[in-house]
Structures are given as C-alpha cells and as structure tokens.
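**Student:**
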Amino acid sequence: MSDSVSQKQNVINKLDKCDANLVNRHLDILWQSDFLIESFYRFPDWLIAIDTRPPQGLDYQYYTDWLNQRIANVTSEEQLLSVLRQFRRKILVMICWSQITQTSSTEQTLTQLSTLAETLILAARDWLYQLSCQEWGTPYDHQGHPQPLIILGMGKLGGGELNFSSDIDLIFTYPQHGVTLGGRRELDNAIFFTRLGQRLIKTLDQITQDGFVYRVDMRLRPLGEGGPLVISFSSMEDYYQEQGRDWERYAMVKAKVLGDQHDPYVKELYQMLKPFIYRRYIDFSVLQSLRNMKSMIEREVRRRGLENNIKLGAGGIREVEFIVQVFQLIRGGRVVALQTRSLLDALKVIKQENYLSKVEVTTLHDNYLFLRRCENLLQAINDEQTQTLPNDKLNQARIAIGMGFTTWDDFYQTIQARMLANRIIFNNLIGSDEAEQSQDDREEIFSELWDIDLDIADIKAVLPNLANEEEYQTLYQQIIQFRKDISKRTIGVRGRDILDQLMPRVFALVCQMPNRLTVLPRIFHLLVNIVSRTTYLELLVEYSNALQQLIRLCAASPMISDQLMRYPLLLDELIDFNALYQTVPFEAYKSELYQYLLRVPTDDEEQQVEALRQFKQMQLLHIAAADVAQLLPTMKVSDHLTYLAEAMLDFVVQIAWNQLVKRYGRPDYLTDDTHKGLVVIGYGKLGGLELGYGSDLDLVFLHDCPASSVTTGDKVIDSRQFYLRLVQRIIYLFNIRTNSGILYEVDVRLRPQGDAGLLACTLDSFADYQNNDAWTWEHQALVRSRVVYGEPDLNAKFNQIRRQVLSKQRDPQQLKMAVREMREKMRAHLSQHDGLFNIKVDEGGIGDIEFISQYLVLNYAFTYPEMTIWSDNVRILAAAAQHQLMSSDEANTLTEIYIKMRNEIHGLSLQLLSSKVANTEFVFERDYVKNSWQKWLI
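Number 277 in our numbering belongs to position 277 of the sequence shown; there are no gaps in the numbering.
1) What residue range is occupied by the uninterrupted alpha helix (DSSP H) comprising residue 537?
2) With distances taken from CA atoms, which of 897, 799 and 755 is nearest residue 840?
3) Throw me the rounded Cβ distance for the residue 563 and residue 521 pair, which I believe falls under 8 Å.
4) Got a sec, what are the start and stop residues for the beta strand (DSSP E) residue 169 sits in?
5) Taking all protein chains shown into account, do 16 or more other C-beta atoms lie within 10 angstroms of the C-beta of residue 435, making it buried, or fewer, making it exposed?
6) Comparing C-alpha positions only, which one of 171, 22 and 525 sits nearest to residue 51?
7) What's the call for residue 94, buried or exposed, on a 16-neighbour Cβ count within 10 Å?
8) Can you tell me whether DSSP reads residue 675 as helix, strand or coil?
9) Would residue 933 be called buried (16 or more neighbouring beta carbons within 10 Å of its own) or exposed?
10) Below 8 Å, can you find three or more Cβ-Cβ pairs linking the stretch 56–73 to the stretch 105–113?
11) Helix, strand or coil for residue 931, going by three-state DSSP, please let me know.
12) Tell me residue 232's beta-bridge partners as DSSP assigns them.
13) Residues in the same chain with beta-carbon distance under 8 Å from residue 891, minus the five sequence neighbours each way, listed in chain order, please.
14) To the nearest angstrom, how far is the alpha carbon of residue 769 from that of residue 859?
15) Suppose the cutoff is 7 Å on Cβ atoms and the five residues either side in sequence are ignored; what does the same chain contact list for residue 565 look like?
16) For residue 282, collect the residues of the same chain with a Cβ closer than 7 Å to its Cβ; drop the 5 residues on either side in sequence, then sort them by chain order.
17) According to DSSP, simplified to helix, strand and coil, what is residue 320?
18) If you run the structure through DSSP and keep just helix, strand and coil, what is residue 435?
19) Could you check what DSSP says for residue 511 in three-state terms: helix, strand or coil?
20) Using the Cα positions of residue 658 and residue 188, report the straight-line distance between them to the nearest angstrom.
21) Report yes if the C-beta distance between residue 350 and residue 327 is below 8 Å; otherwise report no.
22) Put residue 211 into one of helix, strand or coil per three-state DSSP.
23) Under 7 Å Cβ to Cβ from residue 379, same chain only, skipping five residues before and after it: list those, please.
24) Any idea which residues DSSP pairs residue 703 with across the strands?
25) Look at the Cβ atom of residue 915, then the Cβ atom of residue 559, and state whether they are nearer than 8 Å.
26) Kindly list the residues whose CB is nearer than 8 Å to the CB of residue 425, restricted to its own chain and excluding five residues on each side of it in sequence; keep chain order.
27) Among the residues of its own chain, which have a CB less than 7 Å from the CB of residue 610, if the five just before and after it don't count?
28) Does the separation of the CB atoms of residue 846 and residue 901 fall below 8 Å?
29) List the whole-angstrom C-beta distance separating residue 722 from residue 660, where the pair is believed to meet the contact cut-off of C-beta under 8 Å.
30) At which residues does the alpha helix (DSSP H) containing residue 128 begin and terminate?
31) Give me the Cβ distance between residue 782 and residue 806, rounded to the nearest whole Å; I'm assuming they're in contact under 8 Å.
32) Is residue 711 helix, strand or coil when you go by DSSP?
33) If you scan the stretch 319–381 from start to end, which runs of the beta strand (DSSP E) of 3 or more residues do you find wholly inside it?
34) Roughly how many whole angstroms lie between the Cα atoms of residue 210 and residue 716?
35) Taking the Cβ atom as the reference point for each residue, do residue 87 and residue 67 lie within a distance shorter than 8 Å?
36) Could you check whether residue 459 and residue 449 sit closer than 8 Å to each other, using their CB atoms as the reference points?
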C-alpha cells in the first residue's frame, strides 16, 4: 500500500523532536494513527516511556492509583482541568498503542476505555464535591447522614463497553432530601447537587488548550432536558413507575452506578430500579418495541444518508445489541443471569439457555468483537467519534492493516459478510418489514399505462369498463401531464428504474378506485415533488404497505395529501400499518417528544427547532390518519391536537429559557433552578380544547417578577426585561420557518392593552386590568382561557384571578347589549352574504352558541361560581343545565348542534374547503340556535 509509505515519511518529518531511533523502530505502529502522531509531537517523552514500558492488557487496574498521584497536588479547578485532560490523552495513547500491537484483546480494550472514563469521572466528582462542601456546606438528610452525588453511567459506559472516542451518557441522583450544614447559608440538597452536577459537566465537557475529557450527554435523565439535572431516589422511583417509557427501560439495562458497587446507597438504587427494568413475567411486548426502535434508527440512517455505518447499518453493532436485549427484556425477570450489563456475558447465558443455537451465538460473539475492534481503530485514527468506514485510501489502508488484512477489498468483503450474518439472525428473531414483493399479473397489465407511447386505446385495453369517453380522455391527459412534469426534474438512472417499478403498482391500486380521477392527480403531485429523491421512491417500492396507505390517505383527504407532498419525510411513517393509525396517549406527548429529541445535539438550536417541527408533522399525520379512518371523533381529534401543542409549548419555553439564562443568568428572586416564574395562558381554541389542524395559538404570558429583581448572570438586566425577551424568543422559535415549516402561528393580541400592551406582564397587573379596564369582549375571551404552561402556585393564582373576574356581578341588560353588539360587529366584518351558510360566523351558526355559553358564565357566575370551572362550550352548557339555568333539553340540543356543526367544519377542513355550506343545510339547527339567541340575548 503506497499510501502507508508516504505516510511513514510524514511521520518521520512530523516527529523530528522525538528520538529518531524510536520513531523508526515503531514506524509500523505510528503511521496508523494521527492521534498517536499528534500526541507524541506534543509530548515527545511519552514515546520514550511507552518504549521503556509497553502497555499491557491489565493496565486498567492501575488507572486509579496513577490518577490519584497526579491529582493529589491539585489546588484549583483550572489545574484539575489540565490534569484530567492530559491523563486521558496519555492513557488513550497507551490504549491505542496496545490495540494496534494487539497486546490487548478487544475485550480488554473495551474494559480499559470504560475504566478510564469511570476513573476520570469519579476523580472529578470527588474533588469537586470537597470543594463544593467547603464553599456551600455539606449536604445531609433529615437524619443527619451526609449525602453523596451518585452517578449512573448509561449505554456503553454502563456496560463496560465504551468505544475509543465516545460521548458519555450520565444520570445524576442523590439518596435523600435535606439541607447543607457548615456553609455560609443553608442550601436545599437539590440546589447543592444541581450546582455540583453543573460543575462536574463543565469540568469534563469544557474544551481547553488540552482538549476535553468527555462530551457529556444528560438527556437520558427523567424528562430529558425538561427535567431537573439531579433528582432524589424517591423522585426517580416515582418517575419510572408512573411515566417510564419502553425506551427508558431499554436504556436502564446498561445502567451502572459508577464507583463502589457494595455501597448501601448503590444497592438501594439498584433494588429500586430492578422492577422497572425486568418484568417478573415473560414479556413479549418487547419485540414490537425494539422493532419500532430499530425502524426509527433505520429512518434516521436513511434521512441522514449514512452509508457503510458499522454501528447503525443493517447487521451492525446496534442490531447485535438489540438481539441480546430482546432476551434480557423478555426473560430477564425470570432468568436472573440475564440481568447483566455486559453484552458478552448475556450472550453466554443465551447460549446456556438455548435461546439461540451455538452457531448463532458464536457468530454474534465473533462478529461483535470484529465490529468493535474496527470501530475503535476508526476512532483512534484521529480521536474522532465515527462509525463510518473511510472513503480515502490512506485511512482504508490503516483499517485494513489494523484488522489483519492485506487489502481493503478483502477487509470490506469480510465485514459485509459478517454484517449480513448478523442481519439474518436479527430478522429471524425480531422480524423484518423488508420482504420484497414481486409484481403480480395485475401490475404487469397496468405497466401498459406507463408505456412511453401511451395512447387512449391502451387505456381502454387495460380499463375497458370506464364510464365514458370523457373519463378516458381525462385519465390520458393526467398521465401525459405527469410525464411532462417529471421530465423537468433531475432524475438519475437509478431513480428512473425505481419509478418504472413504482408506477404500475400505483396504477393498479388507483385506477380501479371509483374516485380515480380525483386521487390520481394528488398522487402525481406528490410524486413530482419527491421524484428527485430516490430514497423515497425506493421506500414506496420496497414497502407495499406504505404505498397502499399513501393512496388510502390521499384518497381520503387532500389536506393529508398536501402534508405528505410538502414533508416527504413523513412517508417513513406509512411503513408500519398498525402504528400509522395509533395516536399517542394524551399524557404521553411530552415524553414522546423528549424521546424523539434525544437524537439531536443539545447545543444545536437549528437541529432542535427542525426536530420539533418534524415531530409535530409526524403526530399530525397519525392524528389525521386515525381521523379519516373514523377511529377518532372530532372532539378527540381536537384533544390530541391540543395536547400536542402543549407539549410543543413546554419544550419551546425550555429552549428559550436555557438560551436566556445562559446569556443573562436567571431572575434573582427565583428560589431555585427548577422554577421559572412564568405562566402561559391559552385562549380561544387552545383554551377551549378545540384546536383544528391549522389553528393558531392564542397566548398570553404572565409572570410574578417583583420590580426590584435583576438577573444573576455576568450580563445583568432587569428581570422584567428578561421576561419580555423570553417571550420574544418563544414567539421567534414558534414562528421561524424551516424545511418543515413553522411550528405554530402565535397570536398575543389578547394580552392586556392588546398590541399596545407588554408582551409579558405581572399577574397583579393582569388582575388589575381585568377588573378595571377590560371590555366585556375581553371577559368573554377570558371564559375560554386556561393555563397551558406554568408552575402549580402560579396556575392557582391565575385561576383565582380568572374566577374572581368572571364571577363579578354584572347588569344583565348591559351585558346582553355588549355581547350582542360584539356578535353583530363580527357578523358585519366576516359574513359575505354570498347565498351560502358560513357555519362559523353566520346567524344561527356555531359562533352564536359560543356567545350564548359565554353570556351564561358572565351573567350567572356571581351566583354560581362553579360556572367558571370549564373553558369549553360543551361543559359550560352542561354546567348551565346542572344549575338549572337552562333546561336539560335546551342544553343537550345546543350541545348536539354544536358538535354536529364542529364535525362538519372539521370534515370540510380535511378536504381543504372553507366552513361554508349550502343555505339548505342545517335548517332546523339554525332555527333552534336563533330561538335560543332570542331567548337569552334579546
């Protein structure tokens, strides 16, 4: 390999400050890693040391002693950062050397890397704990026992299988609540450990002139980025019992408490987590969960265009991990030996229990170690986190030689064969959606419609039973126009081949539908939009289910067709037939969102904003699919859309808060880092739990910040200015347009003083405005308001203000006049008198019912305060009947009319139509609503 010869000369030139004899002696090692070359360039004495004492497989036993010797004289955090970073580099040099020279086995290398990480983390934690205790006091529980910071190592760190240049996934916890003693002032344990955790992350993660120790990822903690950085044992137990998801259970299989495994607190934590991870019964539900997780990874690989990825690709490291964890999660509750964090140890048990054949276990064992050695060699080239095989000749030569091959081609054929063997075992166990289906005779017939010389006679031969000549002509024109449209797009040879396979299948499915002339243009429009992206065409060819569901959804709704056309990444969601029509439980939208966002780097705002929009589009598709399949009534559709919006709001607030705190610090009046002092009020359709697919969010932002407060950061600003900028940032994050569109249009005009008012005002000023300056229409709007984000104490304060304002005694006649005048203004502004009935705004429509319910609250809440509880029309009408303000017959009839009209509006929106219908529609309903209007408001 000529590349190795030239690289060796580069090494000699680069390491001119090192002992030349040693460089020449070890040239066959040095040329294989830029990381080694750079390290010896910076520290020439290390080459002498490594020549004098070559590294061995059991060196990890000495890491703690070696580091303790170096750290004993550290007197400052700056010194600590330097010592940790240089120690990591020196030990990695030894591991890299030992790996290349094969004085360590692959298993020993994994142990060395994991032990190094654990040693560094614990040394940093212990040093910083002592410093923090000196500054803030020592944390104790209520019984007087000092409390430690306990660190869970997740993923490969927990399993003792860390790779050469890995991130570390950590979870911080502490045993008991309490306070610090011995400091200048008493601190809650939660605050102490949060500050210590932040210090530790900075110590490990911060890039200095010596580099960093490890990139730290805390997103596996309960509630992800939205959750506290550190939580107590009891809070952790409550979370996993009540909210723990399948993916969190999967992650916990690898969880290891770093440090002394015999510590009583460590044993307590393991005992607490065990019931969540391992079920007492045989749990076959795991199969579908893991299958879904694998599908998510495959979609991510496809979206990111990853090729030759030995971790995420078919048959890669991740699939071997999935195979092993299937047995751990299904049978680990019964077979205690499977309750191990080590993949290789679990494989031994799988072999002993005959869950897989001896040949299959041996195949997985050998292939796993082969792939892990390859992964570590890849990352050791430049201390870079990668699992993608190289494209350049030099690095290909390095990997081939390092893996024991003389040529790259020999190595590549071998690794492909090994990954294929893994994939076969994976598919046999977990199942595959990739069963390629050949065209049947019917599709062969319909291929005539895709002939380049198509004429009407060909269509008649394939479809002899169309209604008339006009229909044949229309179909012919549609196909010819589609061919013209795609001819203007850039399509490679592969893309044309895939399109030629796809189109007969499309014609076979669509042309025999009664509404084919409506559906086919929708499908054509979508295909024109994605035809340049072969990946999506391949998806529709490979997954017949996805194509069938695409056609079904496009036939049902042009709104869904348009959504799929604008956001083709949603086509991935069509693969799993069952999952497509399943919606997330209301209370699970937030945790599903946090799980989805785990794939996005926490410091990449652009990717986070894009991922939020992708998640929203995916959930909208699932809701709409269930909607058109009549699996959800309209009221439930609105509930899903509302809970989805609230999940989005929750995360957007968190992103904006983090950004503002990073810049200015937090307002100094807040008692701890878990409080924000912000409450967000949803008005209109959001407040009334009546969101539609394209609804805006009407929001009002309130806080409880005192006028004297300032922020705690280096750049100090007035805290009320902080909240103003926070709201501006929130609105920006919602409204910014990305490839996946905007998140939501946000309307803040319902705040006090409207456009002239502050974007964020205090709860007290809000109460003062509502009591003294607000118009009646603003009180009507307040009826349809509720808290959609905020802390319990602020929620309660807003609800008290709302109840007090709505329960004021009002003059019935003046109230009627004000409500009536506002309704008449709306009709004058919105009604078009075009001979059609606008369900939303015309007389006798849904708007009249909403105004009646608002009138009932404002007029009777003084006597019946319970009328203020609900913000939605249906339950307000029910409350009116319950308190005998309105007869049950009238309340029930108005409710039925209201729901019927909402159903119609909803159905029209799915067809991308306005809320107008023929004047002959809803005749009885309109008359009934008009009579109620006369009764209550005239």
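By construction, the Cβ of each residue, glycine as well, lies at the ideal position given by its N, Cα and C atoms. Since this is a predicted model, take the numbers as computed values, not measurements.
**Tutor:** From the atom records:
1) Annotation: the continuous alpha helix (DSSP H) that includes residue 537 extends over 534–542.
2) Minimum Cα-Cα distance from residue 840 among the listed residues 897, 799 and 755 corresponds to 897.
3) Not quite, the Cβ-Cβ distance comes to about 16 Å (not below 8 Å), so this is no contact.
4) Residues 168–174.
5) Low confidence applies here, because residue 435 scores a pLDDT of 40, under 50, leaving its location unreliable; read the following figure in that light. It counts as exposed.
6) The shortest CA-to-CA distance from residue 51 to any of 171, 22 and 525 is the one to 22.
7) Per the 10 Å Cβ criterion, buried.
8) Residue 675: coil per DSSP, three-state reduction.
9) Counting Cβ neighbours within 10 Å, residue 933 comes out buried, since at least 16 surround it.
10) Segments in contact, yes.
11) In this structure, DSSP gives residue 931 a helical state, which the three-state scheme calls helix.
12) Answer by DSSP bridge pairing, in chain order: 174.
13) The beta carbon of residue 891 sits closer than 8 Å to the beta carbons of 877, 878, 880 and 881 from its chain, once the five residues preceding and following it are set aside; these are given in chain order.
14) Pairing residue 769 with residue 859, the inter-Cα distance amounts to about 20 Å.
15) Closer than 7 Å at the Cβ level, and outside the excluded window around residue 565, lie 525, 526 and 529.
16) Confidence at residue 282 is low in this model, with a pLDDT of 47, below 50, so its placement is unreliable and the value that follows should be read with caution. 330, 331 and 334, listed in sequence order.
17) Assigned with DSSP and collapsed to three states, residue 320 falls in helix.
18) Reliability of the predicted coordinates at residue 435 is poor, the pLDDT of 40 falling under 50, and no value is obtained from them.
19) Three-state DSSP puts residue 511 in coil, outside helix and strand.
20) Those two C-alpha atoms are separated by around 22 Å.
21) Taking 8 Å as the Cβ cut-off, residue 350 and residue 327 qualify as a contacting pair.
22) Residue 211: strand per DSSP, three-state reduction.
23) Excluding positions up to five away in sequence, the list reads 163, 164, 165, 385 and 386.
24) Partner(s): 678 and 762.
25) With respect to the 8 Å criterion, residue 915 and residue 559 are not classified as neighbours on the basis of their beta carbons.
26) Hits under 8 Å: 323, 356, 360, 363 and 364.
27) Closer than 7 Å at Cβ, skipping near neighbours: 738, 739 and 740.
28) Yes, Cβ-Cβ distance for residue 846 and residue 901 is below 8 Å.
29) Correct: roughly 6 Å between the Cβ atoms.
30) Per DSSP, residue 128 belongs to the alpha helix (DSSP H) from 106–136.
31) Right, the Cβ-Cβ distance comes to about 6 Å (below 8 Å), so this counts as a contact.
32) The three-state reading of DSSP puts residue 711 in strand, counting E and B together.
33) Complete beta strand (DSSP E) runs here, min 3: none at all.
34) Their backbone Cα atoms lie some 31 Å apart in a straight line.
35) Pairing residue 87 with residue 67 gives a Cβ-Cβ distance under 8 Å.
36) In contact: residue 449 and residue 459 (Cβ atoms closer than 8 Å).
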